[in-house]
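Below: one structure, written as structure tokens.
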Amino acid sequence: MEIVHVYSKLRSEFGRQCLFSDRPAELLLDLPPDPSLTLSFIQKSPRDQAVQACWETSEHQVNTERFETTSCGINHMEGGWPKDINPAEMEQTIRVRKKVEKDESFINSVLQLGSVMEHCIRQNNAVDIYQECFEDEEVVEEIQEPPSAKTVNIFRDPNEIKRTVTSLSWQPDGGRKLAVAYSCLEFQKSSKDISLDSYIWDIENPNRPEMMLKPTSPLVCLDYNPKDSHTLVGGSYNGQIAFWDTRKGNQPVEFSSLEHSHRDPVYKIIWLQSKTGTDAFSASTDGQVLWWDVRKLAEPTECLVLDPSREGNLDQALGATSLEFEPTMPTKFMVGTEQGLVISCNRKAKTPAEKIVCTYDSHHGPIYALQRNPFFPKNFLTVGDWTARIWSEDIKESSIMCTKYQMSYLTDACWSPVRPSVFFTVKMDGVLDVWDILFKQSDPTLSLKVCDNSLYSLSVQDNGRLVACGSQLGEATLLEICSGLSNLQKNEKSLLAAMFERESKREKILEARQREVRLKERSRSEQSREEEAGREEGEEDPKQLIARAESDFYSLVEAEVKRREKKDEEKDICEEKDVKDEEQRGTSE
Amino acid sequence: MAEVEETLKRIQGQKGVQGIIVANSEGIPIKSTLDNSSTVQYAGLIHQLVMKARSTIRDIDPQNDLTFMRVRSKKNEIMIAPDKDFFLIVI
Numbered sequence: 001m002e003i004v005h006v007y008s009k010l011r012s013e014f015g016r017q018c019l020f021s022d023r024p025a026e027l028l029l030d031l032p033p034d035p036s037l038t039l040s041f042i043q044k045s046p047r048d049q050a051v052q053a054c055w056e057t058s059e060h061q062v063n064t065e066r067f068e069t070t071s072c073g074i075n076h077m078e079g080g081w082p083k084d085i086n087p088a089e090m091e092q093t094i095r096v097r098k099k100v101e102k103d104e105s106f107i108n109s110v111l112q113l114g115s116v117m118e119h120c121i122r123q124n125n126a127v128d129i130y131q132e133c134f135e136d137e138e139v140v141e142e143i144q145e146p147p148s149a150k151t152v153n154i155f156r157d158p159n160e161i162k163r164t165v166t167s168l169s170w171q172p173d174g175g176r177k178l179a180v181a182y183s184c185l186e187f188q189k190s191s192k193d194i195s196l197d198s199y200i201w202d203i204e205n206p207n208r209p210e211m212m213l214k215p216t217s218p219l220v221c222l223d224y225n226p227k228d229s230h231t232l233v234g235g236s237y238n239g240q241i242a243f244w245d246t247r248k249g250n251q252p253v254e255f256s257s258l259e260h261s262h263r264d265p266v267y268k269i270i271w272l273q274s275k276t277g278t279d280a281f282s283a284s285t286d287g288q289v290l291w292w293d294v295r296k297l298a299e300p301t302e303c304l305v306l307d308p309s310r311e312g313n314l315d316q317a318l319g320a321t322s323l324e325f326e327p328t329m330p331t332k333f334m335v336g337t338e339q340g341l342v343i344s345c346n347r348k349a350k351t352p353a354e355k356i357v358c359t360y361d362s363h364h365g366p367i368y369a370l371q372r373n374p375f376f377p378k379n380f381l382t383v384g385d386w387t388a389r390i391w392s393e394d395i396k397e398s399s400i401m402c403t404k405y406q407m408s409y410l411t412d413a414c415w416s417p418v419r420p421s422v423f424f425t426v427k428m429d430g431v432l433d434v435w436d437i438l439f440k441q442s443d444p445t446l447s448l449k450v451c452d453n454s455l456y457s458l459s460v461q462d463n464g465r466l467v468a469c470g471s472q473l474g475e476a477t478l479l480e481i482c483s484g485l486s487n488l489q490k491n492e493k494s495l496l497a498a499m500f501e502r503e504s505k506r507e508k509i510l511e512a513r514q515r516e517v518r519l520k521e522r523s524r525s526e527q528s529r530e531e532e533a534g535r536e537e538g539e540e541d542p543k544q545l546i547a548r549a550e551s552d553f554y555s556l557v558e559a560e561v562k563r564r565e566k567k568d569e570e571k572d573i574c575e576e577k578d579v580k581d582e583e584q585r586g587t588s589e
Numbered sequence: 001m002a003e004v005e006e007t008l009k010r011i012q013g014q015k016g017v018q019g020i021i022v023a024n025s026e027g028i029p030i031k032s033t034l035d036n037s038s039t040v041q042y043a044g045l046i047h048q049l050v051m052k053a054r055s056t057i058r059d060i061d062p063q064n065d066l067t068f069m070r071v072r073s074k075k076n077e078i079m080i081a082p083d084k085d086f087f088l089i090v091i
């Protein structure tokens, strides 16, 4: 229904300004309700209507602020005496005590408490309620859980420019601290801003290093003295050796003079076992192995040039990249070189020429790690290029065991100090491999990706459970290995001894065979040389040979042709004979 | 008075008992069989422990109360029987 309101306006007033004025409301239309319309509607009852009646709630999260606690001891003084009593005075305290004792409640409570207490004491005496049951039951044998390792802590280089972790050394006697050497090994990449410091970290506190060591040039390798856990010796990038005492501060106590040190970075330094406990020796790529007495670092005590031709010629010397020393065999040591040779040396030899006992040609690249098995000193592990090899001292030709070629370069390795068949390797793709040769020889038992950049160094703590590995960007990661890989298994030693023996025997046999074959060949080649000398006159000229071959061929062909002709003739004769027979038969019939 | 003595002596006579201390609700040792310094130390420290334990039990359930406490250590065991005004410590 349309509600219309009409108003009129003169044409001449169009376009004039509108003048508004107020006026009261006017009723335009009044529509009363029409009951007849209700018939067109249907009433709907009951109706469904959802109603919600509950109190309003809201969710709220609160994070409390980090609460810092420090533990400290409190000195306890006697307190609780009533104000007028001076606790120092014996008389007063005795008086107070006597007064309390006379008190009724005191007596009652003591009696009551006494009975309760007696009950418990009697309980204690009757049965030891805290006794360890099932103590004798054997610890459940290794549940076959898969080997695992978890990261405990990561120690990051606090400086802006990250340097590579080149060496790690655990503190001896318990190993709560880890000494980490940082340096930049890439040729000429280190800028002026790079910090020279190396740090000692406490394994519980990854936020800040416990102590800083400030050498004059970045440290490439570091070693704690196994006899004295406060002293360390380190080899630096410029070839100097420095000696620290952590009790005396972070400057080196002494360092070697530039003239008598190495000319190249010192790649490995190890403490020696000696009566004074102050000897160490170091190796560097300049081809020298130097012995030092840390009380007098101005000059090395001894020097050995790694010349395989045993002439002591520095020009021919091979650069050394790793050293090996086992305290149980103090006169022998081994050096791994840049060229892939392992040189075994005897310290006690009289002449320098005799110092080098033998060499093992092992890898195609520099040997980054070299270590004897702590349980079987005759066998040692070397790592270089893309494989890790295990050698036996007696067999010089080749390794007794070798891993397959890995996907990336291996940079460091070490044996586990508790399990003779377990060793760890780190690779350039940031993977730490744990190998258990009694379990599987072809693959690592456990392979963990520790970080995205390459891992450069590795060190196992003396208890065999904690492993620290250092990466290119200055991160030292501390991992804990599962108990399956760090507890000595039954018969492990004997099984491993058998394995090593077996492999060495195999190599010996192979070697013997090779020698035999070589001998035979040699003898055969000698023989054949004699024969050749005799045969030369009877040898025909090639031209004559060709002529002979031709004539043979032609004679054969002619013989064949003649044979065929004969056959044809015979056939013709036979046919004629047949025809003749038929004719004869024909005529006879 | 005599009963108190008797009770305490009986407890002391039990096997394995090293010492007894009776302390009041403020931590002052009333009676003790140990030397003074140890007594004072034990009374003070254990008083705090008992207060804390009691408040813990009460917080969890107001109707509950602490009746007995045993603190077992490597070397010995400290048994504490608390009461309204006093507590008895046996080592």
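Keeping their order, the protein sequence lines are chains A and B.
Under full-length UniProt numbering, the first sequence has 466 at position 466, and the numbering climbs by one with no breaks.
Under full-length UniProt numbering, the second sequence has 73 at position 73, and the numbering climbs by one with no breaks.
Each residue gets a CB set at the ideal place from its N, CA and C atoms; glycine is no exception.
Here the structure is a predicted model, which means the values were calculated and not measured.
Sequence-distant partners of Asp85(B) (beyond 5 residues in either direction) whose C-beta falls short of 7 Å from its own C-beta, in its chain, are Asn24 and Ser25. By the Cβ criterion, the segment 202-218 of chain A is in contact with the segment 230-239 of chain A, since at least three pairs of Cβ atoms, one from each stretch, lie closer than 8 Å. Not a single C-beta of chain B is nearer than 9 Å to the C-beta of Cys54(A).
Counting only the Cα atoms, Leu39(A) lies some 18 Å from Leu31(A).
In terms of Cβ geometry, Ile200(A) and Leu478(A) do not form a close pair [threshold 9 Å].
Judged by DSSP secondary structure, Tyr42(B) falls within the alpha helix (DSSP H) whose first and last residues are Asn36 to Ile60. Using a C-beta cut-off of 8 Å, the segment 473-487 of chain A makes no contact with the segment 498-515 of chain A, since fewer than three inter-stretch Cβ pairs fall below that distance. Closest by C-alpha distance to Val4(A), out of Thr321(A), Leu28(A), Ala512(A) and Gln17(A), is Leu28(A).
When the alpha-carbon of Lys74(B) is set against those of Ile91(B), Thr56(B) and Thr7(B), the nearest one is in Ile91(B). At a C-beta separation below 9 Å, Gln112(A) has these neighbours in chain B: Ala81 and Asp83. In the structure shown, Cys345(A) falls within a strand segment according to DSSP collapsed to helix, strand and coil.
For Arg95(A), the closest alpha carbon among the candidates Pro29(B), Ile80(B) and Thr39(B) is that of Pro29(B). Look at the segment 437-500 of chain A and you find these whole runs of alpha helix (DSSP H), each 4 residues long or longer: 483-486. The Cβ atoms of Ile367(A) and Leu290(A) do not sit closer than 9 Å to each other. In the three-state reduction of the DSSP assignment, Met117(A) falls in the helix class, which pools H, G and I. According to DSSP, residue pairing for Ala413(A) in a beta bridge involves Thr425(A). Uninterrupted alpha helix (DSSP H) stretches at least 4 residues long and entirely within the segment 236-275 of chain A do not occur. Where Gly384(A) is concerned, the enclosing beta strand (DSSP E) starts and stops at Asn379 to Gly384. Put simply, the CB of Met117(A) is near chain B, with a gap under 9 Å to one of its CB atoms. For Glu397(A) and Lys150(A), the gap between their C-alpha atoms comes out near 39 Å. Put simply, the CB of Asn24(B) is near chain A, with a gap under 9 Å to one of its CB atoms. Under the Cβ distance rule, Cys451(A) does not count among the residues neighbouring chain B, no pair being separated by less than 9 Å.
Under DSSP, Asn76(B) takes part in no beta bridge, so it has no partner. In the DSSP assignment, the residues bridged to Thr359(A) are Ile343(A). At a cut-off of 9 Å between beta carbons, Glu91(A) makes no contact with chain B. With contacts defined by Cβ atoms closer than 9 Å, Val434(A) and Lys449(A) do not form a contacting pair.
Flagged as an interface residue toward chain A: Gln14(B), by a C-beta distance shorter than 9 Å. The distance from the Cβ of Val220(A) to that of Val152(A) is about 26 Å, inconsistent with a contact at the 8 Å cut-off. Distance between Thr331(A) and Glu526(A), taken at the CA atoms: about 45 Å.
Contact of Arg54(B) with chain A by beta-carbon distance below 7 Å is absent, the smallest such distance being about 15 Å. Among the residues facing chain A, Lys75(B) is not included, as its CB has no counterpart in that chain under 9 Å away.
Remark: fewer than three beta-carbon pairs, one from each stretch, lie closer than 8 Å, so the segment 401-408 of chain A and the segment 416-423 of chain A are not flagged as touching. Interface criterion not met: the Cβ of Val127(A) is under 9 Å from no Cβ in chain B.
For Leu556(A), the three-state secondary structure derived from DSSP is helix.
Counting along the chain, no beta strand (DSSP E) covers Gln52(A), and no H or E run does either. At a cut-off of 9 Å, the C-beta of Cys402(A) has no neighbouring C-beta in chain B.
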